[in-house]
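Notes to accompany the following structure.
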Amino acid sequence: MGACLALCSLASCASCLCGSAPCLLCGCCPSSNNSVITRLVFSLFLLMGTVVSVIMILPGMETQLRKIPGFCQGGASFYGIENVANCDVLVGYKSVYRMCFAMTCFFFLFCIIMIRVRSSKDCRAAIQNGFWFFKFLILVGITVGAFFIPDGTFHNVWFYFGMIGSFIFIIIQLILLIDFAHSWNKGWVERAEENDNKCWYAGLFTFTFLNYALAFTAVVLFYVYYTQPDDCAEHKVFISLNLIFCIIVSVVSILPKIQEAQPFSGLLQASLISLYTMYVTWSAMTNNPNRRCNPSLLSLVSNTSTTQPPADSTGDHVQWWDAQGIVGLIIFLFCTLYASIRSSSNNQVNKLMQTEEGGASDREGMVGGDGVHRAIDNEEDAVTYSYSVFHFHLCLASLYIMMTLTNWYQPDTTTQTMTSTMPAVWVKMCSSWLGLGLYLWTLIAPVIFPDREFS
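Residues -16 to -1, 1 to 439 in mature numbering (1 follows the signal peptide of the UniProt record, and there is no 0) are what the sequence shown spells out, letter by letter.
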C-alpha cells in the first residue's frame, strides 16, 4: 500500500507543475491551451489510479493487502459467501473494486459540481483548471476511506454498477474510434489531393486491407475455437450476426448517396469499426461460463484439452491477466488520451461528446516575458468541451477499468469462487450492436435529413 501511495505522490508532483488556473507550465513543457492541459491532467489521475489497481493484482501483493485492518482477514465475507478459505483469490478483486470505486466517486463529484459551466468566467472553472494538489488529496482521502467499506453486499451491488457503466463506456470507445477514423481518412485524403501524392491513397488502402484481414481472420478463429458442432449456439449467433452487421455497414459506407452526402466516408472507417466489433465479440465470448465454448489461450497454444476447468473455477487461483484484458487496456489508454486532446471536425460526434469544433487546438500557446511557457485561457467566451460530460466519461472509464482488471468475474454463492457470468456476455454484445447502430446512423443521417448540417 505504501508503494502505491508513493507512486501516487510522484504523479501528484508531476501534476502540480500545472499550478492553478490558468495553468503555468514548466519550462520543458510545450505551450498549450488551458482546456487541453486540464483534460490531460485529469486523465493522468485516471491513469494513475489504473496503475495502482494493476499493482494491487500483481502476484505477491495479496500478502501486503491482507495486512490492512479488517481487510480479508479470517476469510472473506461477501454477501452469500461466508468464510471463503482462500482469501488470496479475492483480495485482488476487492482491492481493485475499492480503488475504482474511489476514482468513480471522485470524477462523479466533479461531474455534479461542473454542471452547466458555460465559460472560464464561471468561478467553478477555476476549480476545474487548478487546485491540483487539493484534488489529489481528495482522491487519496476517498481511496483510503474505500478500503474501510464493510464487505456485505458492496461487491455484488457494485458489480452491476460496473456492468452498466462499462456498457456505456464501450459505446463511447466506439464513438471515439469513429471520430478517429473519420479524422484519419479525411486528413490523408486531403493530403493526397493537395500534394497529388498517391502514397497517401496507398497508405489508406493498406490499413483498410489490414483491418479487414484481421477482422476476417478473427471470425475464422472464432468459429474454429469458440464453437462446437453440438454446443455453443450463442457463440454461433453472435459471430454470424456481427459478421453480417459489419458487411452491411461496409457496403452502406460506399453507397453513392452516402458518398455524395459525406465525401470523406469510406471503407477505412468501416474496417476499423469492424475490427473493434470483433474484439468486443471475442471479449464477450471469453466471459461465457461454459468452458467448452470458452477455451483459454494457453490451452489453444499448448493443444491441451479445452474441457478442463480453468484455474479460477477451482478456487485455488484467479488469473486476472488474459489477452483480451490486455487488449482492452491498450484500447482504453488510446481512447482516454484521444478524448483529452481531440479536436474533431465531425459535428455529429461533437454533439454526442459535447465538444466544439476545433476548440481545443485552434490557438497557439504563448510564452510570457519571463520566457516561461504558459497555458492560455481559450474558454473566456465559451467552453470548448462540457466539463460535466468529460468527468462523466472518466467516471465510466473507472468502472470499465474495474471490470477489465477483474475479467468481469463475480463471486459465485454456490461454488464459493470467482466465476464468469452470462450477464457480462450480453452486456458486451449489446454494446457492440448499439455501437454499430450509432456508426450506421452517422452514415445515413445526412441522407435522411439533408436540410441539417452533418459535416
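The C-beta atom is built at its ideal place from N, Cα and C for all residues, glycine as well.
1. Name the two residues that bound the continuous alpha helix (DSSP H) containing threonine 267.
2. For the alpha helix (DSSP H) that contains tryptophan 116, what are its first and last residues?
3. Report the three-state DSSP secondary structure of aspartate 215 (helix, strand or coil).
4. Shortest alpha-carbon distance to residue 515 belongs to which of Ser249, Leu389, Val221, Thr368?
5. Exposed or buried, what is residue 440 when buried is set at 16 or more other beta-carbons lying within 10 Å of its beta-carbon?
6. Starting from the N-terminal side, write out each stretch of the alpha helix (DSSP H) that is 4 residues or longer and does not extend beyond the stretch 129 to 193.
7. Return the Cβ separation of leucine 28 and leucine 378 in integer angstroms, given the expectation that the two are a contact with Cβ distance under 8 Å.
8. What is the DSSP secondary structure of methionine 350, counted as helix, strand or coil?
9. What residue range does the alpha helix (DSSP H) around arginine 23 cover?
10. Closest to asparagine 140 by CA distance: which of Gly421, Met40, Tyr77 is it?
11. Put valine 80 into one of helix, strand or coil per three-state DSSP.
12. Helix, strand or coil for cysteine 277 per DSSP?
13. At which residues does the alpha helix (DSSP H) containing phenylalanine 316 begin and terminate?
14. In whole angstroms, what separates the C-alpha of glutamine 308 from that of phenylalanine 151?
15. Does the beta-carbon distance from methionine 83 to glycine 114 come in below 9 Å?
16. Can you look up glutamine 112 in the DSSP assignment and give me helix, strand or coil?
17. If you reduce the DSSP assignment to three classes, tell me which class serine 103 lands in.
18. Can you find the residues in the same chain that come closer than 6 Å, C-beta to C-beta, to isoleucine 154, ignoring five residues on each side of it along the sequence?
19. Does the distance from the C-beta atom of alanine 109 to that of tyrosine 371 stay below 9 Å?
20. Leaving out five residues before and five after tryptophan 392 in sequence, what residues of the same chain have Cβ atoms less than 6 Å from its Cβ?
21. When we look at the beta-carbon of glutamine 112 and count the other beta-carbons within 10 Å, is it buried (16 or more) or exposed?
22. If you count every other CB in all the chains shown that lies within 10 Å of the CB of glutamine 394, and 16 or more means buried, which is it?
23. Could you check which residue in Lys241, Val367, Gly421 has the C-alpha nearest to that of isoleucine 99?
24. DSSP three-state call for proline 43: helix, strand or coil?
25. Between the Cα of residue 441 and the Cα atoms of Leu427, Phe206, Ala176, Val36, which residue gives the shortest distance?
26. Checking 9 Å against the spacing of the C-beta atoms, do serine 267 and leucine 251 come in under that value?
27. If the criterion is Cβ atoms closer than 9 Å, does the pair tyrosine 423 and alanine 254 meet it?
28. Between phenylalanine 143 and proline 279, what straight-line distance do the alpha-carbon atoms span, to the nearest angstrom?
29. For the alpha helix (DSSP H) that contains glutamine 243, what are its first and last residues?
30. When you compare the CB positions of threonine 388 and leucine 313, do they come within less than 9 Å of one another, or not?
31. Roughly how many whole angstroms lie between the Cα atoms of valine 264 and tyrosine 322?
Well, looking at it:
1. Along the sequence shown, read from residue 1 onward, the residue named residue 267 stands at position 283. Residue identity check: residue 267 is serine in the sequence provided, not threonine. 251 to 269 is the extent of the alpha helix (DSSP H) around serine 267.
2. The residue given as residue 116 occupies position 132 in the sequence shown. Note, tryptophan 116: alpha helix (DSSP H), 116 to 130.
3. As a first step, residue 215 is located in the sequence shown; it is residue number 231 there, counting from the start. Taken through DSSP and simplified to helix, strand or coil, aspartate 215 comes out as strand.
4. No statement about residue 515 is possible, as the shown extent of the chain runs from -16 to 439 and does not include it.
5. Given a span of -16 to 439 for the chain in the structure shown, any question on residue 440 remains unanswerable.
6. 138 to 179
7. If you number the sequence shown from 1, residue 28 lands on position 44. If you number the sequence shown from 1, residue 378 lands on position 394. 11 Å between Cβ atoms; not a contact.
8. By one-based count along the sequence shown, residue 350 stands at place 366. Below a pLDDT of 50, predicted positions are generally treated as unreliable, and methionine 350, at 48, falls in that range; the measurement from the model is reported next regardless. Strand, per DSSP.
9. Reading the sequence shown from its first residue, position 39 is the one you call residue 23. That run of the alpha helix (DSSP H) goes 18 to 40.
10. As a first step, residue 140 is located in the sequence shown; it is residue number 156 there, counting from the start. When only C-alpha atoms are compared, the closest one is Tyr77.
11. Taking the first residue of the sequence shown as 1, we reach residue 80 at position 96. Here valine 80 sits in helix by DSSP.
12. Here residue 277 refers to the residue found at position 293 of the sequence shown. The answer is coil: DSSP assigns cysteine 277 none of H, G, I, E or B.
13. Taking the sequence shown and counting its residues from 1, the one referred to as residue 316 is at position 332. Residue range 307 to 325 is occupied by the alpha helix (DSSP H) that includes phenylalanine 316.
14. Counting from 1 along the sequence shown, the entry for residue 308 is found at position 324. Counting from 1 along the sequence shown, the entry for residue 151 is found at position 167. Whole-angstrom Cα-Cα distance: 16 Å.
15. Taking the first residue of the sequence shown as position 1, residue 83 is located at position 99. Taking the first residue of the sequence shown as position 1, residue 114 is located at position 130. No, these two residues do not count as a Cβ contact at 9 Å.
16. Within the sequence shown, the letter at position 128 stands for residue 112. Looking at glutamine 112 - three-state DSSP - the assignment turns out to be helix.
17. As a working note, residue 103 is residue 119 in the sequence shown. Three-state result, serine 103: coil.
18. On the sequence shown, residue 154 is found 170 positions in, with the first residue counted as 1. For isoleucine 154, where only same-chain residues beyond five positions count, the Cβ hits under 6 Å are Ser415.
19. Looking up residue 109 in the sequence shown gives position 125. Looking up residue 371 in the sequence shown gives position 387. Cβ distance < 9 Å, so alanine 109 and tyrosine 371 count as in contact.
20. Your numbering for residue 392 matches position 408 in the sequence shown. Result list for tryptophan 392: Asn271, Ala408, in chain order.
21. Working through the sequence shown from its first residue, we reach residue 112 at position 128. Glutamine 112 comes out buried.
22. What you label residue 394 is simply residue 410 of the sequence shown in a count that begins at 1. Classification of glutamine 394: buried, given that the 10 Å Cβ count is 16 or more.
23. Locating residue 99 in the sequence shown gives position 115, where the first residue counts as 1. Measuring C-alpha to C-alpha distances from isoleucine 99 to each of Lys241, Val367, Gly421 identifies Val367 as the nearest.
24. Reading the sequence shown from its first residue, position 59 is the one you call residue 43. Coil.
25. Residue 441 cannot be examined here, being either before or after the span of the chain that is shown, -16 to 439.
26. As a first step, residue 267 must be located in the sequence shown, where it is residue number 283. As a first step, residue 251 must be located in the sequence shown, where it is residue number 267. Not closer than 9 Å, so no.
27. Mapped onto the sequence shown, residue 423 falls at position 439. Mapped onto the sequence shown, residue 254 falls at position 270. Yes; because the gap between Cβ atoms is below 9 Å, this pair is in contact.
28. As a first step, residue 143 must be located in the sequence shown, where it is residue number 159. As a first step, residue 279 must be located in the sequence shown, where it is residue number 295. Each residue's alpha carbon lies about 24 Å from the other.
29. For the purposes of this step, residue 243 is taken as the residue at position 259 of the sequence shown. Unbroken alpha helix (DSSP H) run through glutamine 243: 240 to 245.
30. Translated into positions along the sequence shown, residue 388 becomes position 404. Translated into positions along the sequence shown, residue 313 becomes position 329. Yes, Cβ-Cβ distance for threonine 388 and leucine 313 is below 9 Å.
31. Position 280 of the sequence shown holds residue 264. Position 338 of the sequence shown holds residue 322. In this structure, the CA atom of valine 264 is about 20 Å from the CA atom of tyrosine 322.
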